[in-house]
Structure formats: C-alpha cells, structure tokens
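Here the structure is laid out as structure tokens; the discussion comes afterwards.
Numbering (mature numbering (1 follows the signal peptide of the UniProt record, and there is no 0)), first residue to last: -19 to -1, 1 to 91.
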C-alpha cells in the first residue's frame, strides 16, 4: 500500500478515536440523601453496556445534579414519592379534562 494512503488512513483513525467519548457511569460517588424539598426532577438510568449499575440522578431546584445510591432507603422513598406525585398529577389531569364542558356562545347577527 502506498505510504501516503497509509498516512491518511492513520490520521483519519486518530481523528475518529480522539473525537469519540468514553462512556462510563455518571454516578461515581452517589450521595446518601438530600433535602426532599430541593428536588425538582428525578431521572432513573437503567444499566447500560458501559455501566452495569442502575443510576438515580436528581436535579435540584438550583439546577445542580446529584446522584443517589439506588440501594439506600432514602432513594427508595424518593422514588416512591415521585411515583405517587406523578400518579396524582395524571389523575388530576384526567379529571380536569373529563369535567370541562364546552360552552358555545351565539351572538345575534342583526
């Protein structure tokens, strides 16, 4: 093979390899807990090929992200609380959409 072609192939390989990100677990040092009133959102990441653990990432109201250990009782309580809150919100939305009546107003055209 031509040395120029080999050099080009090598440069392309180096460029591709340096541009690729190494995926790993996002939660390397999970916290034991946070103040529940500061929690804005909870995200659960299931095991992936690059991370064999389930990860629980919470977003706080100040937009910081904190990892929680899914095996701790606090994390289980947070997940249960968020599930109940989600079910309550969806039930309220369902009730609101079924009880809203459409009203029509007709104005005289005279």
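Note that beta-carbon positions come from the ideal geometry of N, C-alpha and C, so glycine has one too.
Residues that residue 22 bridges to, as DSSP identifies them: 40
Name the two residues that bound the continuous beta strand (DSSP E) containing residue 9. Careful: residue 9 lies outside any beta strand (DSSP E) and carries neither H nor E.
Over what stretch of residues does the beta strand (DSSP E) that includes residue 46 continue unbroken? Bounds of the beta strand (DSSP E) holding residue 46 are 46 to 49.
Contact belief for residue -14 with residue 8 at Cβ below 8 Å, rounded distance in angstroms: The pair is not a contact, with the Cβ atoms about 42 Å apart (cut-off 8 Å).
Nearest to residue 30 by CA position, among -17, -16, 6 and 42, is which residue? 6
Our contact map puts residue 47 next to residue 12 with C-beta atoms below 8 Å; I'd like the distance itself, whole angstroms only. 5 Å
Quick check: residue 65 and residue 20, are their CB atoms within less than 8 Å of each other? Taking 8 Å as the cut-off, the Cβ atoms of residue 65 and residue 20 do not count as close.
Nearest-angstrom Cα distance between residue 57 and residue 16? 14 Å
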